[in-house]
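Here is the structure we will look at, set down as structure tokens.
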Amino acid sequence: MQQPAIEVRNLRKSFRKRAGFRKKSELLAVNDVSFYVMPGETYGLLGPNGSGKSSLIRILSTLLIADSGNVRLLDFTLPEQAEEVRRIIGRVSVDAAFYKKLSARENLLYTALLYGQKAREAEKRVMRILDELGMEGTKFSTPLEEMSRGMQQKISIARALMINPPLLLLDEPTTGLDPKSRRDVQSFLEDLQSREGTTILLTTHDMAEAERLCARIGFLAHGKLVAEGTAAELIQRSGASTLDDAFIKLTGEELVEEEGEMELVED
Amino acid sequence: MEAVMRQTWAFMFRGYHITRRYIGWVIVFNFYALVTSATVALIGVAEGNYQLTLTLIVGALLWNYLSRLYEEISMSIAYERWEGTLEYTFMAPVSRAVHLLGVSLFSLLNSIVSSVIVLLGLMLFTNLHLRDANLFGVLAVSTVAFVGLGLFAAVFPVMSAERGAEATHIFQGSLLLVSGVYYSIETLPRWLQPLSVFSPATYTLSACRKLFGVGNPDSTAEHLAGAPLSAVSHELLVLALMGAILLPLGLLVFVRIEAWAKQTGKLKRTG
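Chains as they are written, first to last, in my numbering: chain A, 1 to 267; chain B, 1001 to 1271.
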């Protein structure tokens, strides 16, 4: 049997938060989560803000160390082989973090050098990716701060892909994008997955996006993976008619969008 | 090896382009450094005391160099936190030693350029001649110690985005206070004087003043009676020891704090 590209078992992560003078409370961000992603598969983690999606991605990105549990990415385990894992992952986060005064070209060349790549080769690869994402080449020398959020996010995707990673970790990559940019990114990810066979772990709170891109979906609520399967399986299991309704029925919670922010509302 | 060189170059490439994009602020900071140094040096000129002028010039010049070096290294992490790029740097397959080496090399170049600007400016304000001064050996040795101090201070922004930058400046201010930059250590209150022993700047300044001929009655505006390098062997030894300890220790502390930040979730973008 083929080995999963991503395997997460019994993962737990809690944070200590100060709650008033000298008092500390514990927040369980990831609560005994287990799932796997097969090579070339796109797996979606759905949940509202605060459900533990980003903490999970950050653990897989070597930016956070789990309290307990096992994580294996291809042939490497975390946190022991963090150095090796960094060579095989590309990550896109919800906020496109760049040196905003620098141009897209300067930001991307910096990343290429950081990964020990030859600048010229990396530049060619980036131009091809940006072209596929529907970005004009003339924007390449514009400072990031002068670019729209959609453009910045496309540059962020190009940054993650320029190292040609076999694993792609996408943390709400289309949140806050206009419909066209959102569609461009989704089409690009579909093409990438079918062309390169890249394994993708995608977190989102957009049900339509998950349904379109993901072979399997996991529902996260309060740090727990409460259900998983294909979109059709989840809908059927819950007896709902849409993935939205399936989420509400299976998690006992509702996704409410307010001023662009998704919030958790208990039933 | 080639990849490591590219990674080191990445930080210099980044630093160069950021400097280029903020050139207006770079000019302002250098202008301010020059004016501050000249203002201090002119106190000696006004007194008509060349020894005092020389003491103040050496203090202003070295403090500009050392504090710039320290600040560039220690604040490099704070800048990354403000931009939100620190996570991406920490996610890249680059060792922390290479990361900090690249940052330090750029900081060193930046500090040298700034110091040359201040030095040239001071020559316009005072009748300073450097031909008899032998300070480059001391500067080279003290640089290592200050890079180590910078690495130590760079951990503060890793620990806290908000408080980290404040802590690095408090530390920098304390160095200015106890190192005898513009006055002798003996001028400090007695209870504060022992702290000067722990500052590399104390030894750098002491050595450079000897090499400039400060305190030597034969030193005049026309001719600096600077001591030979052998006369500052004690300072050089202390600085070399401090560098040998601070540099690896700074790196070790940084790596430990990074691991702690990853355990407690402190790396998350804030500010």
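Glycine included, every Cβ here is placed at the ideal spot set by N, Cα and C.
- At a cut-off of 8 Å, the C-beta of L102(A) has a neighbouring C-beta in chain B.
- At a cut-off of 8 Å between beta-carbon atoms, T1019(B) makes no contact with chain A.
- When DSSP states are grouped into helix, strand and coil, L1175(B) belongs to the helix group.
- Under the three-pair Cβ rule at 8 Å, the region 109-125 of chain A does not count as touching the region 143-156 of chain A.
- At a cut-off of 8 Å between beta-carbon atoms, G116(A) makes contact with chain B.
- If the five residues before and after D244(A) are omitted, its C-beta is found closer than 6 Å to the C-beta atoms of M207, all from its own chain and listed in chain order.
- For L1267(B), the C-beta contacts it makes with chain A under 9 Å involve R58, L63, L64, in order along the chain.
- Annotation: I1057(B) to F1106(B) spans about 25 Å, alpha carbon to alpha carbon.
- With a contact defined as Cβ atoms closer than 8 Å, E1083(B) and A97(A) qualify at about 7 Å.
- Below the 9 Å Cβ cutoff, chain B contributes E1083, G1084, T1085, Y1088 as neighbours of F98(A), in chain order.
- With its beta carbon at least 8 Å from every one in chain A, F1106(B) lies outside the interface.
- For K249(A), the three-state secondary structure derived from DSSP is helix.
- Looking at the DSSP output, P143(A) shares a beta bridge with S103(A).
- Residue contact check for W1025(B) against chain A: no CB pair falls below 8 Å.
- Counting only the Cα atoms, I1077(B) lies some 33 Å from L46(A).
- For M1091(B), the chain A residues whose Cβ falls inside 7 Å of its Cβ are S61, T62, L63, R86, R91, in order along the chain.
- Your pair L250(A) and L201(A) does not check out as a contact, with CB atoms roughly 20 Å apart and the cut at 8 Å.
- Secondary structure of V1103(B) (DSSP, three-state): helix.
- In the DSSP annotation of this structure, the continuous segment of the alpha helix (DSSP H) that includes L1241(B) starts and ends at 1233-1264.
- By the rule that beta-carbons nearer than 8 Å mark a contact, F247(A) does not touch chain B.
- Between the region 1097-1116 of chain B and the region 1037-1055 of chain B there are fewer than three C-beta pairs closer than 8 Å, too few to call the two in contact.
- Looking at the backbone, the Cα of L56(A) and that of R159(A) are separated by about 21 Å.
- Those residues of the region 1213-1237 of chain B placed with their C-beta closer than 9 Å to a C-beta in chain A do not exist.
- In the DSSP assignment, L1061(B) falls within the unbroken alpha helix (DSSP H) covering 1050-1083.
- Contact annotation, F1146(B) with Y1203(B): C-beta distance approximately 11 Å; criterion of less than 8 Å not satisfied.
- At a cut-off of 8 Å between C-beta atoms, V1094(B) counts as an interface residue with respect to chain A.
- The C-beta distance from R183(A) to Y43(A) rounds to 21 Å, too long to meet the 8 Å contact threshold.
- Annotation: N70(A) is outside any alpha helix (DSSP H); the continuous beta strand (DSSP E) that includes it extends over 68-73.
- For the pair V37(A) and L11(A), the CB atoms are not nearer than the 8 Å cut-off.
- Look at Y1022(B) here: in three-state DSSP terms it is coil, with no helix or strand label.
- If you draw a straight line from the Cα of M1242(B) to the Cα of P1200(B), it is about 7 Å long.
- Taken in chain order, the unbroken stretches of alpha helix (DSSP H) that lie wholly in the region 144-188 of chain A and span 4 residues or more are 149-161.
- In this structure, the beta-carbon distance from R212(A) to Q186(A) falls below 8 Å.
- For a Cβ distance threshold of 7 Å, residue set L113 of chain A lies close to W1009(B), ordered along the chain.
- Under the Cβ criterion of 8 Å, D95(A) is counted among the residues facing chain B.
- Per DSSP, I88(A) lies in no beta strand (DSSP E) and is assigned neither H nor E.
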